[in-house]
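Chemist: Take this structure first; my questions come after.
Number of protein chains: 2
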Amino acid sequence: MAAGCCRLLSLLLLLCEICFSLPVERHENLREDKCGYQSCHATKASMLNVHLVPHTHDDVGWLKTVDQYFYGDRNDIQHAGVQYILDSVVEELQKNPDRRFIYVETAFFYRWWRRQSSDMQRTVKQLVNQGRLEFVNGGWCMSDEATTHYSAVVDQMTMGLRFLNQTFGPCGRPRVAWHIDPFGHAREHASMFAQMGYDGFFFGRVDYQDRSRRMRAKEQELLWRASDSISPPLADLFTGILPNGYNPPEGFCWDQSCDDPPIKDDPDLEDYNVNDVVERFLNIAKSQSLVYKSNHIIMTMGSDFQYENANLWYKNLDKLIRYVNARQSNGSRVNVLYSTPSCYLQELHRANLSWALKTDDFFPYADDAHDFWTGYFSSRPALKRYERLSNSNLQTCNQLEVLGGQASTSGPFGQGDSLTLRRAMAVAQHHDAVSGTEKQHVANDYARRLANGWQRCQVVVSNSLAALSGSTAERVYCNSLNISVCPITESSKKFSVNVFNPLARPVSWPVRLPVNGTTYVVADANGKAVDCEVIPISGTTRDVRRNRGFAVNELLFRVRAPPLGFSTYSVSLLQDGPPLASTGYHVPKSIWNKYLRVTFDPTTGLLSGLDNLETKQSIGLTQNFYWYNASDGNNSNSNQPSGAYIFRPNSSTPFVISKTAKTETIQTSVMQEVRQWFAPWASQVVRLHTDSRVLELEWTVGPIPIDDDLGKEVITRLDTDIKSSGIFFTDSNGREVLQRKKDFRPTWNLKQSEPIAGNYYPINSRAFIKDDKDQLTVVTDRSQGGGSIQNGSLEIMLHRRLLYDDVRGVAEPLNETSDVFPEGLVVRGRLLLSLDHPASAADTHRPLAEEAVLQPLLTFTEGHLHPNTRLEFSGLQAALPPAVHLLTLSQWDDKSVLLRLEHQFQSWESKANSQPVTADLQKLFSTLEVTGVSELNLSANQWKEEMKRFDWRPQAVEKQMKKSLEDPSMWEVTLRPMEIRTFLLRANLR
Amino acid sequence: MAAGCCRLLSLLLLLCEICFSLPVERHENLREDKCGYQSCHATKASMLNVHLVPHTHDDVGWLKTVDQYFYGDRNDIQHAGVQYILDSVVEELQKNPDRRFIYVETAFFYRWWRRQSSDMQRTVKQLVNQGRLEFVNGGWCMSDEATTHYSAVVDQMTMGLRFLNQTFGPCGRPRVAWHIDPFGHAREHASMFAQMGYDGFFFGRVDYQDRSRRMRAKEQELLWRASDSISPPLADLFTGILPNGYNPPEGFCWDQSCDDPPIKDDPDLEDYNVNDVVERFLNIAKSQSLVYKSNHIIMTMGSDFQYENANLWYKNLDKLIRYVNARQSNGSRVNVLYSTPSCYLQELHRANLSWALKTDDFFPYADDAHDFWTGYFSSRPALKRYERLSNSNLQTCNQLEVLGGQASTSGPFGQGDSLTLRRAMAVAQHHDAVSGTEKQHVANDYARRLANGWQRCQVVVSNSLAALSGSTAERVYCNSLNISVCPITESSKKFSVNVFNPLARPVSWPVRLPVNGTTYVVADANGKAVDCEVIPISGTTRDVRRNRGFAVNELLFRVRAPPLGFSTYSVSLLQDGPPLASTGYHVPKSIWNKYLRVTFDPTTGLLSGLDNLETKQSIGLTQNFYWYNASDGNNSNSNQPSGAYIFRPNSSTPFVISKTAKTETIQTSVMQEVRQWFAPWASQVVRLHTDSRVLELEWTVGPIPIDDDLGKEVITRLDTDIKSSGIFFTDSNGREVLQRKKDFRPTWNLKQSEPIAGNYYPINSRAFIKDDKDQLTVVTDRSQGGGSIQNGSLEIMLHRRLLYDDVRGVAEPLNETSDVFPEGLVVRGRLLLSLDHPASAADTHRPLAEEAVLQPLLTFTEGHLHPNTRLEFSGLQAALPPAVHLLTLSQWDDKSVLLRLEHQFQSWESKANSQPVTADLQKLFSTLEVTGVSELNLSANQWKEEMKRFDWRPQAVEKQMKKSLEDPSMWEVTLRPMEIRTFLLRANLR
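Heads up: the sequence lines are chains B and F, in that order.
Residue numbering for the first sequence follows full-length UniProt numbering, beginning at 1 and increasing consecutively.
Residue numbering for the second sequence follows full-length UniProt numbering, beginning at 1 and increasing consecutively.
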């Protein structure tokens, strides 16, 4: 890439004066060094070529924390030490230039690299430059695909790949994506990988029925068209399903963690077994070749945390290659070689075949008839929410670091950084992190890292807001507002609230602060009074907060904040006094504002209907809370229990928690809410903000009782009269929406064996059901699992508490307890409902979900602000159009800023918004002077124009419809539906 | 040594013309290389110096066979692969010149070495030459000390040390003996190690009460005076008891097999623990220094099969040393260094202290009050016998290889070698081999190796006998004569029997051949008829042989063979016929010959008395068979069951198998025997050969019944009226005899907690009880355990069958079954009893035991021998005096022969024989011309005159009485009591 960059640079220098430093550093490669595809071993055209891929799979946390894994600490839990793996592999690679190794997880590689001597670093660089050590995937971790949001995935990939790029240059750029372990595969991940420039993608886990059909049809290798909006082949990704998950073939595991017999080739010792080993290998190779298309097959020679003592593997692999290939002189037609996934991919590409085209995704994943990995869609809901919230905090931190300039990281509040949180977020994307499939102590570690990261970011935010506002008054962060805990608002008579909006559009946001007064005055940035109300705090909140706060009331008002900016509100106590009495225990027949009417069944206290008053839509809508009894595994069909991974209800009919709700109603000028209690451990607030088109359902579940020795998986179910015909829709990683159909898979004839679990899909940010007339969309505040088991019905799993381990390695039941919640975890969350016409529903749910993901950040200042304080600020010259999402704004280096703009509509979902839009990068920011721009691939590790990918031919011949839509100018960039464009800007504060 | 050898050579060349090639090869050491004591790291005189000794303990077979351990096969049983250990250690030693490693077991090192490239061999030589890789102990294996015979131990040490000498020269010569794992320590081993030139000896296992006292008295390091006959300091050995067995201190095990936390020294990661680790280490070092004498302490950093991935250990040890020593700048007085046992020993020597003197041994070993490791003295009695027999076969093979000249290894019967059996015997000396503490499949492997070795030796024997006799007629070997199976004698009408005698004295030996005729004529080498008899085979033998033979009778006659030579007997069938009838079922009151009378109790059929008719001694002697009920571990005192290692009877009173014996008597001119049956699984033949001073008790035990779910440990007990006062005597490894006293240990105040097991000692070749008047000596045919629990009583454990594992790792109950004996093992053996005056008993038992250890070898030839066949041969010019044992005669290389002569009497045990004797090496052999001689140390890896050992000062001041007894001439060598002298002879066949 270095050479390519130079060419680009020269070109740009000729054309203009606005070039800037390259994102990659220069690397001196020796002339004879060859990396990437050039470094692959030769194969034999007339033979079956077996590509042996030595690899290790290093979970960035699972049974142990990421640092325990790195050091090899707590080997009593699991023997694994990544520092030793890298030591050993580098050592062994040097012994034989034919040997190859791939490394995947940059979170570990980075930890190791920084502890190495410069001699060792030089050695490793040479191995990389010669293609002997090759990075694949290369993100900070191997992200989960079901429960991650694309925004955080793009960030973690960018961070990992940037480290490789900076350290190794072009030879360090991974050519293939490698998701050998995640439990199901999201189409959006494939789309992102394509846009990041990967030539292909390999994974290990696929539904057993799917695999079986694909083996028969030789379709384990295929072309995945990963977007219905982005023009092919931009989101096309060659995808290979590996033959043995990611393990070696049976009998050929030579790691220290395995027991397979080594090759014993000393004829003087007992048990000489060379012939036996060679015969067994040839048989396996031949069987495998029958279910793949080309005369190349791949074998993954490694597994979890293997190669800690790489000598065992390599010594035996060297012998295997020698003895198997020696058979060629006796007529054998099998050729074995050290290889890498990219070398294998290159051979598949050279084969010039056509490949089955796939447009759906690989969810849900089942490895047997009663073993659906659909539980983790919902496992550890509090961690899932904290991860989502942390992403919002990180984006805010990134933005403010840019907007505040250098003072952000070193200012009046000390030294801060966004890196700590960025790393913590990157680690949290791992497929045993946000997925909820780690041990409890590891989940605690992820949360602690996020909290530490946010701590460092708070300094950045404080410094930046000080720079932007001109006030160095201390800022207080209230991280427990969701349970109405905030010492400053609880005790202060006068304070101000700064609302920072990370979106590129103005937002209006309901604020709810714990207070002890009964009357307050709230003024906006212009000093204008804002409508506010004080209501009594709910009993549920009081229970949940556990003496961590003492507010008796809540102060409610609505704030507005400008695009990429803040507005400041001042709050003054007018009247202290006793707690307010609740306003009524009856349930109203309905509550409404100018947009929505919500009706209730007065007998049960449950929701009964929802009307959109603007569009005159009306649906019957009953909602209640239920629990599935988790299988304990004692079952005639299967001994599979429900666990962190697996969802397996004992019965397809869930138990209702209560047929009726006890209720309490609060109606104010800014908000009306009906508080519903179903059990001491299940309650909800049905809330309608005065100025909102959205119905908010704030649920609180836990501690789930288990004194009856029954594991419980708690859902809420929305039953409507929408004629959904067994179809519902879920998003993929928060981006494109896919259609789901009950008891159906688009690419094979499903034999359904789990009527509930087998119909669950990940809901990352939203799900909806619709008919010709009505679409009910639910936007979630975290990843959850859900399904539509009956027509018109949509259920979402909120919380799970299980008594058995599901035998997938975690070896703990998912029974979240902690010091704070010794009796079990209480979780609170929000579902946001909107009722729209199907044709325009996206116009509501796209911005709604955007606001749910990137929510305003509130900071508080005690007392009066200095009169010179700037109370309102916007970083943009103007709001961006509704279709354009400001995905990334973060400091890249001293002189440049990384910007990602995204078209957030699919091509088919909105008449108004599914159109190309153009943004002018020079006119974007109010305080930044942009003096240069260069476009990058999505992961920012390659110039966009240098991104040349393999082209693959789909089996179904099709007309390529490449719209060649040129940007109007260098500064004006056009975004088409679902496109993300990544730019490096040379920018200075004006 | 190379330089020294040159000097010796020059000297000899000046003096005479009889010098010959050196036993060690020349080795080029670089000038700057320093090995041995010169290569030790500097220590700090004013500090506590902690010697860290990285090491691995590699069992030469235990849970896996030696080859499985080498390759890392069957890791499902135990994770261990020695090939990888050596790969890894050599790799890691190269990374830091400060690092040290010791290697112990040459059986493994040899396997590894021969597979290495010459580059790698060069690298390893350099490491050895620089003292970075140091060999300690260096025998083929780390021998067991309780159940091995000194003859085989000397051989296996010689073989291992010779390999090191040939490969590495002087830098490869171990300076210390290292027996970290054997379960108790024999004085004879210490004596041998002293005579092999070791400067010191370290071990790990010592009785818990003994250790406790020694810790208080700082006597864990001591001077062991290992012979009561050899003049000090020739058999003095400095002995150190290691602080943690052979493991690292708690919390400091950094092997892949351990779970201790690594040193986490990256302050940016979680759980930085450097301070914690350093503090813990300093505390341990200080505690340890309190129970040792000097300002040096040793820590064994390793354990079973550790260092397979040496990086884990060294990486953390490097850090430990760095961080602990860094404290010195803050006043710490602890200095840690990489070291070896010899470097540690050198510092102890430099300390110039005086050390407690010990003259007894370290048996029995208990690691807790009810955990006496006295079961293995008797475990696997069949393997123990086969090992002993194989030693006899090997010595015969060695001798005949020399006597037969080059034709022995390549002659009319093809290519043969003694090496295979020598290696198999060496492997069998391992402390989980002949000890009987290995898994069943491993025991089978040891036996298979011995059988294979014997197969190769048979070719040598046949070739050599052909050369010596002039007959190339095929020789048949009957390996199952102990169960009366021998196809040739069973079916042939005319055959000859060659009797080879490996002793340096003529022997007379009873022969017993399975036949089907009723009358035979036997003639000796001179054609003279020999008295013979045919008797019916016993029912017990018929049961035991299981259809492997069909003889109905046995032909008995006595043969004689000259010293180190053979005699040939011809046998001709005179009369075929039906089986002979038994001669009578009554028990006679007594049987007698001219030397002994044996009386029986006619009511019980048991022995009742023994008289020596020559000396007119007479004792009451009752003998019977009993079993202890093995503890199953369900016991209030302890949950320790009896197992392969541990002997723990449920009760101190054994159960009698039967109070009476069914009997059958056979009285012939050559032999009289009373056959006794106690149970279907327990019988005995009381046998008196006509020409013998010994009473033979041939016992047959098994299959031990376990259908009552009781484990059984079968003993025979001799109850006499000898007034033994709680004292009895046992030999140490077949050499010197030690006194044992009931419930007593010479060096500490014993709290006896196991009245039977705690009074058991290893009986390697003999045991006796005595009073002023009478000594009853029992010579055994294998190692067994035994004790004297009552005055006048001596019990010997014959066979054990157990239902529980004893939790010392072997993880199998000692329940020997096989395809041949699916219902359990049957074992047959002999006890040889003699009754003498105590002052002259050794004159009987020394030669008797010698004959039991090195028994004549019978080979058979079908039909008539060619008339030119030489029927009698002796390799000696004359028989050696009774005190001199020909311990070793084996081919060293083309031109030289290794000879060991031994004085086989202790200084106090015989008026007649405990005197110095002289042998003339030039006049020794009848067919060998000896042209040169040089004396070596006992293990033949150093010239005797170059053997300079550290001198150590005992605490008790004593007068050194070095008798400086000069050899009369270069050829005439004098042997003092218990001395073994080792010579390399240049010798040619005359």
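Even glycine gets a Cβ: it sits at the ideal position worked out from N, Cα and C.
Since the model is a prediction, treat every value here as computed from it, not as a measurement.
(1) Give me the Cα-Cα distance between F:Gly577 and F:Leu889, rounded to the nearest whole angstrom.
(2) For F:Val670, which of F:Asp691, F:Thr663, F:Lys659 and F:Trp681 has the nearest alpha-carbon?
(3) Do you know whose CA, among F:Asn937, F:Ala956 and F:Pro954, lies nearest F:Lys948's CA?
(4) Name, in chain order, the residues that DSSP records as bridge partners for F:Ala190.
(5) How long is the line joining the alpha carbons of F:Gln116 and F:Thr859, rounded to whole angstroms?
(6) When you compare each of F:Gly302, F:Pro755, F:Ala226 and F:Asp304 to F:Thr359 by their alpha carbons, which one comes out closest?
(7) Would a check of beta-carbon distances place B:Asp73 closer than 7 angstroms to chain F?
(8) What span of residues does the beta strand (DSSP E) with F:Ser287 cover, start to end?
(9) What runs of the beta strand (DSSP E), each 3 residues or longer, lie entirely inside the stretch 176 to 223 of chain B?
(10) In whole angstroms, give me the CA-to-CA distance for B:Leu11 and B:Gly932.
(11) Under DSSP, the alpha helix (DSSP H) around F:Gln121 begins and ends at which residues?
(12) Give the interface partners of residue 1050 of chain B over in chain F, defined as CB-CB distance under 9 angstroms, in chain order.
(13) Relative to the C-alpha of B:Ala296, which candidate in B:Arg111, B:Leu242, B:Arg782 and B:Arg548 has its C-alpha closest?
(14) Assess contact between the stretch 893 to 906 of chain F and the stretch 973 to 980 of chain F, defined as three or more Cβ pairs (one per stretch) separated by less than 8 angstroms. Is contact present?
(15) Is the beta carbon of F:Ile646 sitting closer than 7 angstroms to the one on F:Asp805?
(16) Which residues does DSSP pair with F:Met142 in a beta bridge?
(17) So, does the CB of B:Leu30 fall closer than 7 angstroms to a CB anywhere in chain F?
(18) Assess, as a yes-or-no matter, whether the stretch 913 to 923 of chain F is touched by the stretch 553 to 561 of chain F under the definition of 3 or more beta carbon pairs within less than 8 angstroms.
(19) Say whether chain B places a C-beta atom closer than 7 angstroms to the C-beta of F:Tyr272.
(20) May I ask you to report which of helix, strand or coil DSSP gives F:Cys19?
(21) For F:Asp743, collect the residues of the same chain with a Cβ closer than 8 angstroms to its Cβ; drop the 5 residues on either side in sequence, then sort them by chain order.
(22) Which residues in chain B sit within 9 angstroms of F:Asn247, going by Cβ to Cβ distance?
(23) Put F:Asp448 into one of helix, strand or coil per three-state DSSP.
(24) Could you list which residues in chain B have their beta carbon closer than 9 angstroms to that of F:Asn275, in chain order?
(25) Tell me whether B:Val60 sits in a helix, a strand or coil according to DSSP, three-state version.
(26) Would a C-beta distance cut-off of 7 angstroms place B:Thr396 and B:Pro502 closer than the cut-off?
(27) Compute the minimum distance between the beta carbon of F:Val434 and the heavy atoms of the ligand FMN, and state whether it is under 6 angstroms.
(28) Cβ of residue 1025 of chain F within 7 angstroms of Cβ of F:Lys439?
(29) Relative to the C-alpha of B:Ala194, which candidate in B:Arg175, B:Gln256 and B:Gln406 has its C-alpha closest?
(30) Taking DSSP as the reference, what is the three-state secondary structure of B:Val544?
(31) Would you kindly work out how many angstroms separate the C-alpha atoms of F:Ser339 and B:Lys44, rounded to a whole number?
Modeler: From the atom records:
(1) If you number the second sequence from 1, residue 577 of chain F lands on position 577. If you number the second sequence from 1, residue 889 of chain F lands on position 889. Their backbone Cα atoms lie some 46 angstroms apart in a straight line.
(2) One-based indexing of the second sequence puts residue 670 of chain F at position 670. Taking F:Val670 as reference, the option from F:Asp691, F:Thr663, F:Lys659 and F:Trp681 with the minimal CA-CA separation is F:Asp691.
(3) Your numbering for residue 948 of chain F matches position 948 in the second sequence. Here the closest residue by C-alpha is F:Asn937.
(4) Counted from its first residue, the second sequence places residue 190 of chain F at position 190. F:Ala190 is not bridged to any residue.
(5) Position 116 of the second sequence holds residue 116 of chain F. Position 859 of the second sequence holds residue 859 of chain F. C-alpha separation (whole angstroms): 42 angstroms.
(6) Along the second sequence, one-based indexing puts residue 359 of chain F at 359. Closest by alpha carbon: F:Ala226.
(7) In the first sequence, the residue the question calls residue 73 of chain B occupies position 73. Yes, B:Asp73 counts as interfacial toward chain F.
(8) On the second sequence, residue 287 of chain F is found 287 positions in, with the first residue counted as 1. From DSSP, F:Ser287 is part of no beta strand (DSSP E) but of the alpha helix (DSSP H) over Val274 to Ser289.
(9) 176 to 179 and 200 to 203
(10) Taking the first residue of the first sequence as 1, we reach residue 11 of chain B at position 11. Taking the first residue of the first sequence as 1, we reach residue 932 of chain B at position 932. At B:Leu11 the pLDDT is 39, less than 50, meaning the model places this residue with poor confidence; the figure from the coordinates comes in the next sentence. So the two alpha carbons sit approximately 14 angstroms from each other.
(11) For this step, residue 121 of chain F is matched to residue 121 along the second sequence. Ser118 to Asn129 is the span of the alpha helix (DSSP H), which, as asked, contains F:Gln121.
(12) No answer is possible for residue 1050 of chain B: it lies beyond the span of chain B, which begins at 1 and ends at 990.
(13) Here residue 296 of chain B corresponds to residue number 296 of the first sequence, with the count starting at 1. It is His, not Ala, that sits at residue 296 of chain B in the sequence shown. Among B:Arg111, B:Leu242, B:Arg782 and B:Arg548, the Cα nearest to that of B:His296 belongs to B:Leu242.
(14) yes
(15) As a position in the second sequence, residue 646 of chain F is number 646, starting the count at 1. As a position in the second sequence, residue 805 of chain F is number 805, starting the count at 1. No; because the gap between Cβ atoms is not below 7 angstroms, this pair is not in contact.
(16) Your numbering for residue 142 of chain F matches position 142 in the second sequence. In DSSP, F:Met142 forms no bridge with anything.
(17) Residue numbering aside, residue 30 of chain B sits at position 30 when the first sequence is read from its first letter. Confidence in B:Leu30 is poor, its pLDDT being 48 and thus under 50, which makes the residue's placement unreliable; the coordinate value appears in the next sentence. Any Cβ of chain F closer than 7 angstroms to the Cβ of B:Leu30 would place that residue at the interface, and such an atom is absent.
(18) no
(19) As a first step, residue 272 of chain F must be located in the second sequence, where it is residue number 272. Using beta-carbon distances, F:Tyr272 does not count as an interface residue toward chain B, since no partner is under 7 angstroms.
(20) Along the second sequence, one-based indexing puts residue 19 of chain F at 19. Below a pLDDT of 50, predicted positions are generally treated as unreliable, and F:Cys19, at 33, falls in that range; no measurement from the model is reported.
(21) Walking along the second sequence from the start, residue 743 of chain F turns up at place 743. Once the five neighbours on either side are set aside, the close Cβ partners of F:Asp743 are Gly726, Leu750, Gln752, Pro755, Gly758 and Asn759.
(22) Translated into the one-based positions of the second sequence, residue 247 of chain F becomes position 247. Here the premise fails: no neighbours, minimum Cβ distance about 16 angstroms.
(23) Taking the second sequence and counting its residues from 1, the one referred to as residue 448 of chain F is at position 448. Strictly speaking, residue 448 of chain F in this sequence is Arg, with Asp absent from that position. In this structure, F:Arg448 counts as helix in the three-state DSSP scheme.
(24) Within the second sequence, residue 275 of chain F is the residue found at index 275, counting from 1. Simply none; closest approach about 16 angstroms.
(25) Your numbering for residue 60 of chain B matches position 60 in the first sequence. Of the three classes helix, strand and coil, the one that applies to B:Val60 here is coil, per DSSP.
(26) Reading the first sequence from its first residue, position 396 is the one you call residue 396 of chain B. Reading the first sequence from its first residue, position 502 is the one you call residue 502 of chain B. Contact flag set, yes.
(27) In the structure shown, the ligand FMN is absent, as is every other ligand, since no ligand is present at all.
(28) There is no way to answer for residue 1025 of chain F, as the model of chain F reaches only from 1 to 990.
(29) To locate residue 194 of chain B, count along the first sequence from 1; it is residue 194. Checked all of B:Arg175, B:Gln256 and B:Gln406; the closest Cα to B:Ala194 is B:Arg175.
(30) Within the first sequence, the letter at position 544 stands for residue 544 of chain B. Three-state DSSP puts B:Val544 in a helix.
(31) Here residue 339 of chain F refers to the residue found at position 339 of the second sequence. Here residue 44 of chain B refers to the residue found at position 44 of the first sequence. Spanning the two alpha carbons is a distance of roughly 53 angstroms.
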